[in-house]
């Protein structure tokens, strides 16, 4: 019995040592260490037991689309501090458009740039909720609220654009550090056709590079013709030319 325990300890130590040296070589494998019945320790073929963890390659076009979506969602944080920021409100209008680009919805309606003439239609309540009451210009207004609460920003915004175009954006996002949260957006064109999109961020961190350096992103949606699109990405990624 004692000899069997010693053999098991030696096998465990050997596994740890092999994994350590593989990590030094920059090669991280999943489930690629085999302990044979005779006690020998071998390295499995990654194609047979899991695959080597590598950076996913994406096109420069997709990289730009992801960058624009992340930058737009980041602006919800500035709205919690400065609800008069027209650029941030315009970015919120375009979240659905950027989601659509990522999943291949090329025919989503465009939005006119948001512009407000004053801030008299914004109310900051004592409980911290920021209300928008037909705030904006005559052909591009927003209603709804932003509520910063316990490190999270909760949002429900209803945009009414020219030609009866509408956007409803609902979701929540962490206020500081990495981006974690979800936004669901419904977009109507002037004919009443509706696109539904959703983006989910998990621990997205942007450093000095335009693209995230960690975390994951899931974008999905359905267009008026019941076509479904979805894209899942883990970061970091590499860009191919």
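Numbering (the numbering used here), first residue to last: -19 to 221. Just so it is clear, CB atoms sit at the ideal spot from N, CA and C, and this is done for glycine as well. On a predicted model such as this, the values are computed, not experimentally measured, just so you know.
Short check: CB of residue 48 to CB of residue 78, under 8 Å?
-> yes
Could you spell out the range, first to last residue, of the alpha helix (DSSP H) harbouring residue 66?
-> 66 to 73
Inter-residue Cα distance where the pair is residue 129 and residue 152 | 10 Å
Rounded C-alpha distance that separates residue 117 from residue 36 | 43 Å
Outcome for residue 104 when other beta-carbon atoms lying within 10 angstroms are tallied against a minimum of 16 | exposed
DSSP state of residue 142, grouped into three classes?
-> helix
My understanding is that residue 45 touches residue 73, with C-beta atoms under 8 Å, so please give their C-beta distance in whole angstroms.
-> Rounded, the Cβ-Cβ distance is 16 Å, inconsistent with contact.
Give the DSSP-derived three-state secondary structure of residue 77 in the structure shown.
-> helix
Can the beta-carbon of residue 85 be found less than 8 Å from the beta-carbon of residue 175?
-> yes
Tell me whether residue 153 sits in a helix, a strand or coil according to DSSP, three-state version.
-> strand
Selection from 64, 198, 94 and 109 that minimises the alpha carbon distance to residue 141 = 94
DSSP-derived helix/strand/coil call for residue 52 | helix
So residue 182 is in the beta strand (DSSP E); what residue range does that whole segment cover?
-> 174 to 185
Following the continuous beta strand (DSSP E) through residue 189, name the residue where it begins and the one where it ends.
-> Neither: residue 189 is in no beta strand (DSSP E) and is coded neither H nor E.
Tell me whether residue 57 sits in a helix, a strand or coil according to DSSP, three-state version.
-> helix
Using the C-alpha atoms, what's the distance from residue 63 back to residue 188?
-> 27 Å
Kindly identify the DSSP beta-bridge partner or partners of residue 134.
-> 127 and 152
For residue 185, does the count of other Cβ atoms within 10 angstroms reach 16, so buried, or fall short, so exposed?
-> exposed
Near residue 143, which residues of its chain fall below 6 Å by C-beta distance, leaving aside the five closest residues on each side in sequence?
-> 170
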